[in-house]
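See below for the structure under consideration.
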Amino acid sequence: AVLLGLEGGAIDVRELGGGARRHLIKRHHGKVTHLLSVKDIVISGGEDAEIATGRECIRFCNSRTGRTLGSFTTPPVTCMAMRAFFSDGSTLQQGAPLVVTGHADGKAMLWDVTEQRSIHVLD
494 AVLLGLEGGA IDVRELGGGA RRHLIKRHHG KVTHLLSVKD IVISGGEDAE IATGRECIRF
554 CNSRTGRTLG SFTTPPVTCM AMRAFFSDGS TLQQGAPLVV TGHADGKAML WDVTEQRSIH
614 VLD
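Next up, the structure:
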């Protein structure tokens, strides 16, 4: 699938072949600023209502179903990367997908996607 972050806060999920829309996932209240995907897991950073207090929201959702898997309020995100360990080349092991986010305050946060929680903050 191809992912497009839209200024209105939605994530447009399209098929690779002809570009047909699979989902229009409305998860943010401001523009989408960061997007990552591994398999069906989409991680997005957006300018939500929390941006007024200097915070952005990170959300996890399923690109096939559009279902929210979790969301987090963090300091403003400047970069995002994901690593997934594959057991047989096609399926994710339980608890294995990890996301690292870099923040404007100089900190980096390591997230467990499956557990939907921050597991470490690097100062």
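Counted the way our numbering counts, the sequence shown spans residues 494 to 616.
All C-beta atoms, glycine included, are put in the ideal place defined by N, C-alpha and C.
In the DSSP assignment, what residue or residues form a beta bridge with residue i?
i      : result
Ala503 : Lys519
Ser556 : According to DSSP, Ser556 bridges with nothing at all.
Could you spell out the range, first to last residue, of the beta strand (DSSP E) harbouring residue i?
i      : result
Leu615 : Arg610 to Leu615
Leu563 : The sequence as given places Gly at residue 563; Leu does not occur at that position. Note, Gly563: beta strand (DSSP E), Thr561 to Thr567.
Val606 : Unbroken run through Val606: none, as it is neither H nor E.
Leu497 : Val495 to Gly498
Buried or exposed, going by whether 16 or more other CB atoms sit within 10 Å of the CB of residue i?
i      : result
Arg514 : exposed
Ile612 : exposed
Pro597 : A small correction: the amino acid at residue 597 is Ala; Pro does not occupy that position in the sequence shown. That one is exposed.
Gly498 : buried
Arg560 : exposed
Thr594 : buried
Thr566 : exposed
Val592 : buried
Arg610 : exposed
Val614 : exposed
Val535 : buried
Val495 : exposed
Assuming residue i and residue j form a contact by the criterion Cβ under 8 angstroms, report the distance between their Cβ atoms to the nearest whole angstrom.
i      : j      : result
Val570 : Gly538 : 4 angstroms
Met575 : Val531 : 5 angstroms
Asp541 : Ser556 : About 20 angstroms; that fails the 8 angstroms criterion.
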